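Position 262 (the sequence shown) corresponds to 248 in the numbering used here; numbering is contiguous.
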Amino acid sequence: MSGPIWKWVFFNAFVLAMLVLDLGVVHRRKHEVRFKEAVAWSAVWIGLALAFAALVAYKRGAGTALQFLTGYLIEESLSVDNLFVFLLIFSWFAVPTHLQHEVLFWGILGAMVLRLLFIVAGVALIEKFEWVIYLFGAILVYSGVKLALEKEKKINPDQNPVVKLFRKLVPVTTDFEGDKFLVRRDGRTWATPLLLVLIVVETTDLIFAVDSIPAVLAITRDRFIVYTSNVFAILGLRAMFFALKGAMDLFHHLHYGLSAILIFVGLKMLVGHFLEIPVGVGLGTVASILALSIVASLIWPKAPQNG
-13 MSGPIWKWVF FNAFVLAMLV LDLGVVHRRK HEVRFKEAVA WSAVWIGLAL AFAALVAYKR
47 GAGTALQFLT GYLIEESLSV DNLFVFLLIF SWFAVPTHLQ HEVLFWGILG AMVLRLLFIV
107 AGVALIEKFE WVIYLFGAIL VYSGVKLALE KEKKINPDQN PVVKLFRKLV PVTTDFEGDK
167 FLVRRDGRTW ATPLLLVLIV VETTDLIFAV DSIPAVLAIT RDRFIVYTSN VFAILGLRAM
227 FFALKGAMDL FHHLHYGLSA ILIFVGLKML VGHFLEIPVG VGLGTVASIL ALSIVASLIW
287 PKAPQNG
């Protein structure tokens, strides 16, 4: 890991403290997260990310802070696309609204660990095999083109290979058992559908990480900056989900913006040895693309479906 170990220890201790506060205090009583509460928590996480950027600027300079902000904005943008998929997952499994926050909480905790492994492995690969950066760039360009051509998001958790294997190994109850992921019955341990939802959320995030981690590595190879920008983005994901889930259809042009962002950072990786794009220009480009896609969604709303 890059930099002093104490940075990693303090940062992760802070994140865990915030998560304990969130689940153990604020959401100790299971309830449906309302719009105002979700907006307030979204503002808290964005404010914390900006405060962290200011701290980075003070300790390591404006350039590193811009790298963090660019990585954070890219991750936050791509995370919005995750929200559509999470909404489909919850609808498919018919997850009660008061349990959705808990699933996202544990899903994001797992995502933090998986993404740290991805980041460390990704940077190590680039440092050892320089040509890997071209592979990452090509993956991002391909993913961007694929996203632009995607007409409609569909999921079928029953076809998820991890879920299929899990069902073969562990018996699963028919109905939800409150907020429990596992229950004991007839001397056996049974999984509940809530655990299946968590597995699908985790594997889905893993697939998204294949795009999002290389996207930030196009901005910087500093493991700490890549990791912290990822963590701040996914920490705000739960609150953003509940703030936006009632208005997902408003952002129907957003996937074109996300597609353009992936293609841009992919090309940045591919031409990095020949043309260096300043971090400030990268941040401005990503922010502009995101803003334009949101404005386009509002100016040209989605046509109502007949029937």
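Where a beta carbon is used, it is the ideal one built from N, C-alpha and C, also for glycine. Every value quoted in this text rests on a predicted model; they were computed, and no experiment measured them.
With a cutoff of 8 Å on beta-carbon distance, Val265 and Gln53 are scored as near each other. Residue pairing by DSSP puts Ala177 in a beta bridge opposite Val158 and Leu168. Counting only the Cα atoms, Pro82 lies some 46 Å from Glu113. The residue from Ala35, Val89 and Phe250 with its alpha-carbon nearest to that of Ser198 is Phe250. Per the C-alpha coordinates, the member of Arg20, Leu34 and Lys22 positioned closest to Met4 is Leu34. Check the Cα spacing between Asn146 and each of Val89, Val186 and Asp165: the tightest is with Val186. Rounded to whole angstroms, the Cβ separation of Ser215 and Gly47 is 16 Å, and the two are not in contact under 8 Å. For Ala195, the closest C-alpha among the options Ala246, Ala40 and Val217 is that of Val217. Inter-residue distance for Lys(-7) and Ala(-1) is about 10 Å (C-alpha atoms, whole angstroms). Under the three-state reduction of DSSP, Phe250 is assigned to helix. With 16 or more other Cβ atoms inside 10 Å of its own Cβ, Phe228 counts as buried. By the criterion of a C-beta distance shorter than 6 Å, Met226 is surrounded in its chain by Ser28, once the five residues flanking it on both sides are discounted.
Of the residues Leu126, Thr206 and Ala204, the one whose Cα lies closest to the Cα of Ile193 is Leu126. Between Phe72 and the set Ser274, Leu230 and Leu100, the nearest pair of CA atoms involves Leu230. Apart from sequence neighbours up to five positions away, the residues of its chain that approach Arg174 with a beta-carbon distance below 8 Å are Pro157, ordered along the chain. Note that the C-beta distance between Ala201 and Ile60 is below 8 Å. Taking C-beta atoms as the reference points, Ile32 and Gly243 fail to come closer than 8 Å.
Counting along the chain, Asp67 sits inside the alpha helix (DSSP H) bounded by residues Ala48 to Phe79.
Burial check for Lys254: the Cβ neighbour count within 10 Å reaches 16 or more, so the residue is buried. Between the beta-carbon of Leu203 and that of Gly108 there is about 6 Å, and that keeps the pair under the 8 Å contact cut. If you draw a straight line from the Cα of Gly164 to the Cα of Ala80, it is about 13 Å long. In the DSSP assignment, Asn146 falls outside any alpha helix (DSSP H) and carries neither an H nor an E. Assignment of Gly266 by DSSP, reduced to helix, strand and coil, places it in the helix class.
Taking C-beta atoms as the reference points, Thr189 and Val148 count as a pair closer than 8 Å.
With a threshold of 16 other beta carbon atoms within 10 Å, Arg224 meets it and is buried. The Cβ neighbour count for Val6, taken over all protein chains shown within 10 Å, is under 16; the residue is labelled exposed. Residue range Thr83 to Lys114 is occupied by the alpha helix (DSSP H) that includes Gly96.
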